[in-house]
Structures are given as structure tokens and as C-alpha cells.
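Read through the structure below, which is laid out as C-alpha cells, and then see the notes.
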Amino acid sequence: MPRLTRRQLLVGGAAAAGAGALALGGASLAGSVETPAPIPQRVPAPARLPRAAQADTTVEWVRSAARNRSVRLVISSPAGRDRRTLPVCVGLHGLGGNALWWGDPGMRRALGAAWASGVPGFTVAALDGGDNYWHAFRPGDDPMQMLLDELPVWMTERGLARDTRGVPVLAAGVSMGGAGALMYARERVHRRDPVRAVAAMSPGLFTDWRVASRRPFAGFADWAANDPLRFYPELTGIPTAMWCGDKDAFADPVRRYVALAHPEFSRISPGRHDGTYIGSILPQVLAFLGAHVAPPALPLAQPARQTVYPHL
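When the sequence shown is numbered by our numbering, its final residue is 312 and no position is left out of the sequence of numbers.
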């Protein structure tokens, strides 16, 4: 399909942004008192939340053998649409968060506003991934295996992603989940079944082991094997988009990734590593994902390099 231009992406994002303020926290679905993300990642809930502007969202518990525990499965889709006919995007949460990040009022409103503005419909499926940086860190707890092997089964059992045997075609993540989305895309390449696009919001990337060692990695070798700044050549040809705030601690690693990998779209704009910034970019993120809902007309090839990156 035609590559989305920067202007188209920004215009599409602006249209969806008209829905108003975004909230990624507050009262969660299914009566849970847990919050979907640490306080810095949450955004004040909008005063009014019209039903017509929301996605349809369900939350249920499933038993994950890969994680050796029960986890939440949060599924969101356009209101009034048969979600069984829609492709699936897997959504990865950040450190200290859980799958509810993708299903609370603000996200439902952002999704609903994007689809109402004309963004092609898709279903978002999110799971509790813990704080393992979306890889096998603790014995008996492998969130990446859960995404790769168990999520397609759960999708198939619910009649979702029928055209792809329950396998998601898109991936998106925030913070730790942004890095995790890139890792997931790499694993899909290894399985010769690449995603159609991957979106990373304020991804938790590191350029120095002294910093990365504070995160759940078994050692330098474990970090290096799962470092997007090292494995980025394996994602060649997969449409990738990346956003980060200019005052985010991850801004410099993101700049490094952009310079090395030349993603299809990248933007560093005013903001910090918080929910306010994420809320400001979500319309663009959803517009990018929607632009890649349909399968490519030709096999994936390396996209043309950007001559100027939209770093603001």
C-alpha cells in the first residue's frame, strides 16, 4: 500500500485528536481496583466520555503456561463492528503496568476517535506481561513465548484474526513495551511471519550497560541479545514508527536508533516520559497502525530512507 507521508500522518492524528483529553488511568474495567500504569504514566480522565467516542473493550482472565500464572486479556475493537473480521494488533504495556493500560477510558476514547475519523479498524489485544522487559528473565516466566504461542490460540478460540490463524499482524508498545514490540517483531521475523508494522512509543532503549543493568537482564549478554539498537538490521523492511519526548531519559537512545535504523516514521517532540506525552501522540500512533492494516501488495522490502527526520 502507499507509504504514509509525514503530512498524512500528522493530519490524520490531528483529526483523531479532536476527541479531547486522553486518560490512561483511573477506574479500570471489570471492577478491578488495580491501576493500569504507574502514576507518571497516567493522564487525568476526561470529564465526559461519550459512548459513541469509545471502543468496545472486554477484559477476562486466561491461564498462561508460558508465564505460569493467570493474566488479563484486554481486547478493544471499533464499536458496532464485528471484531471477528478485523486484524489484530498486539499491545504491550510499560514497566510497572499491565494490560489494563490498553483498556481504560482514555485509551478507549483514543481508539474510538481514531476509528471515527477514518482510521481503518483493527482489534487491539493486550496481556499482562509483568516487568521482565518482555523476555524470559525469571525462571518459568516467559512473556514473549506467551505472545508468540499462546495469544494466537486465545484469539482463535474467540474467533478473532481468522484470516491469520489468530496471529496479530501489528504490534505496538509503550516504554518497556515499546522495546518489547520491537523484540516481538524480531521474533516474528525469525518465524518467517513478519508483522505488517510496529509502533514504539517512548521505547525503553539503552546505549550503556551501566544503565541497562538496572533493568531485568541476566547480564550483558542477555541485554545485548535483546537490544533493539543491536538487532535493528533484522527488522529491515518492516514499517516501523517511533515517538519520544525531547525531555525523556530515553530520547538520546531513540535518536541513536533513528540514525541507525531509519524507521519509516520518527518524531521527537516536546514532552517527558509520562501519560501527557503519550496522550499527545496516540492519534498519530493509531493513524500509522491503521495505514498498515491491509497486507502489503508486494513482499516486504526496505523502505526508502527519510532524508529529513521530523524531530521537533
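Note that the Cβ used here is the ideal one computed from N, Cα and C, for glycine as well.
Residue pairing by DSSP puts Met242 in a beta bridge opposite Ala200 and Ser266. The beta carbon of Phe217 is closer than 6 Å to those of Trp223 in its chain, skipping five residues each way along the sequence. Contact check for Ala172 and Leu73: beta-carbon distance about 16 Å, past the 8 Å limit, so the pair fails to qualify. Per DSSP, the unbroken alpha helix (DSSP H) holding Glu157 starts and ends at Leu151 to Glu157. Taking a contact to require three or more Cβ pairs closer than 8 Å, the segment 204 to 219 and the segment 155 to 167 do not qualify as touching.
With respect to Val119, Leu286 sits close: the two C-beta atoms are nearer than 9 Å. Per DSSP, reduced to three states, the secondary structure at Val174 is strand. A distance below 9 Å separates the beta carbons of Gly91 and Trp102.
Contact check between the segment 73 to 87 and the segment 131 to 146: fewer than three CB pairs, one atom from each, fall below 8 Å, which does not count as touching. For Leu73, the enclosing beta strand (DSSP E) stretches over residues Arg69 to Ser77. The continuous alpha helix (DSSP H) containing Arg109 extends over residues Pro105 to Ala116. Here Val153 is exposed, its C-beta having fewer than 16 other C-beta atoms within 10 Å. Separation of Arg272 and Met107 (C-alpha to C-alpha, rounded to the nearest whole angstrom) is 19 Å.
Counting C-beta atoms within 10 angstroms of its own C-beta, Arg109 has 16 or more neighbours from the protein chains shown and is therefore classed as buried.
Taking a C-beta distance under 9 Å as the contact criterion, Met176 and Asn226 do not qualify as a contact pair.
DSSP, reduced to helix, strand and coil, places Asp193 outside both helices and strands of the structure shown, so it counts as coil. Take Gly159, set aside five residues on each side of it, and the residues of its chain with a beta-carbon closer than 7 Å to its own are Arg84, in chain order. Under the three-state reduction of DSSP output, Trp61 falls in the strand class.
Distances from the alpha-carbon of Arg230 to those of Ala259, Asp246 and Met144 put Ala259 closest.
Ranked by Cα distance from Leu170, the options Cys89, Glu264, Ser280 and Ala294 are led by Cys89. The beta-bridge partner set that DSSP reports for Val88 consists of Thr123. For Arg214, the secondary structure class from DSSP, reduced to helix, strand or coil, is coil. Annotated as distal: Met155 and Ala185, with beta-carbon spacing of 9 Å or more. Taking Trp209 as the centre and dropping the five residues before and after it, the same chain places the C-beta of Phe220 and Trp223 closer than 7 Å to its C-beta, in chain order.
Per the coordinates, the alpha-carbon of Pro296 lies some 8 Å from the alpha-carbon of Arg196. Straight through space, the alpha carbons of Ser117 and Arg138 are spaced by roughly 42 Å. Taking C-alpha positions only, Asp248 is separated from Ala66 by approximately 33 Å.
By the neighbour-count criterion, in which a residue is buried when 16 or more other Cβ atoms sit within 10 angstroms of its Cβ, Pro233 is exposed. Within the DSSP secondary-structure output, Arg138 pairs in a beta bridge with Asp141.
DSSP, read as helix, strand or coil, puts Asp274 in coil. Distance between Asp193 and Trp243, taken at the CA atoms: about 25 Å.
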